[in-house]
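*Asks:*
If you want it as structure tokens, here you go:
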């Protein structure tokens, strides 16, 4: 590489060896570590971002890639900047590592097909689309968008419910269903709908009756419904499966506390109902 001209800024020196990906040198890229597979698609969930330059940058990346980008002001924060951290008309440097992305376009197209059309595809295709829907749900769940996550999980479950599989492959469908049912149970707990959370948890237990996570979700739901005996039964079974699970043990402590409060209030109510009257006068005999 040739020497830099005197008086150049670090950004100017860096930009000389970077690739122009916007066509006007507004977005420049330097790959630090190569990625693998397909480029990010425009429909990928990773593109929930605000900077135009960053979107262009991500569209040039592959899974596992690490790259450095220079964004001119028009592709970054513009003439206003982002006070107090970024002054007006600032060129910014970002280093981005793309761990993964979800392409929902393929999934959306498949889900739009009729059941008969979907049956023309191999089972592995259905499992892949269902997994993408579940992963998309997880992405939305992490953003606390529980209603949207529920929609994605239900789409995955519908795909798995209506697809028949030969006996030797049915375990693959059941394993995929189990993951979605556990996600749905947790999501309905977050939506404060414990009755529905319990229903999905019990469906998960039909597939795997000793699944600690399913038992735990059912116990949580019953506790919210103040069905303390059922909550205890589920949580004790979950504890047997995972004796040192911190969340399960804490939920049992919470149950004990809630049950004590409940029994204390019951005792107080009974005491008030059957306490002797203040008036000690006896009824006289005729």
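In full-length UniProt numbering, the protein residues as written are 1 to 286.
C-beta: ideal position from N, C-alpha, C; glycine also.
On a predicted model such as this, the values are computed, not experimentally measured, just so you know.
(1) According to DSSP, which residues form a beta bridge with residue 176?
(2) Identify, in the order they occur along the chain, each residue of the same chain with its Cβ nearer than 6 Å to the Cβ of residue 81, setting aside the five sequence neighbours on each side.
(3) Measure the CB-CB distance between residue 204 and residue 182 and report whether it falls below 8 Å.
(4) With a 10 Å radius around its C-beta and 16 neighbouring C-beta atoms as the bar for buried, classify residue 17 as buried or exposed.
(5) Would you mind stating whether residue 191 and residue 146 have Cβ atoms separated by less than 8 Å?
(6) Tell me whether residue 255 is buried or exposed, calling it buried when 16 or more other Cβ atoms sit within 10 Å of its Cβ.
(7) How should residue 289 be labelled, buried or exposed, when 16 other C-beta atoms within 10 angstroms of its C-beta is the threshold for buried?
(8) Could you name each continuous alpha helix (DSSP H) segment of 4 residues or more that falls completely within the region 17 to 98, going from the start of the chain to the end?
(9) Compute the Euclidean distance between the alpha carbons of residue 103 and residue 196, then round it to the nearest angstrom.
(10) Determine the burial state of residue 251: buried for a count of at least 16 other Cβ atoms within 10 Å of its Cβ, exposed for fewer.
(11) Three-state secondary structure (DSSP) at residue 100?
*Replies:* Inspection of the coordinates gives the following:
(1) Residue 176 is not bridged to any residue.
(2) Once the five neighbours on either side are set aside, the close Cβ partners of residue 81 are 87, 88, 90.
(3) Yes. Within cutoff.
(4) Residue environment: residue 17 is assigned as exposed (fewer than 16 neighbouring CB atoms within 10 Å of its CB, all protein chains considered).
(5) Yes; because the gap between Cβ atoms is below 8 Å, this pair is in contact.
(6) Residue 255 is classed as buried because its beta carbon has at least 16 other beta carbons within 10 Å across all chains shown.
(7) Nothing can be reported for residue 289: it is not among the residues displayed for the chain, which extend from 1 to 286.
(8) Listed in chain order, they are 52 to 58.
(9) Looking at the two C-alpha atoms, the distance is approximately 30 Å.
(10) With a 10 Å radius around the Cβ and a threshold of 16 neighbouring Cβ atoms, residue 251 comes out buried.
(11) Judged by DSSP in its simplified three-state form, residue 100 adopts coil rather than helix or strand.
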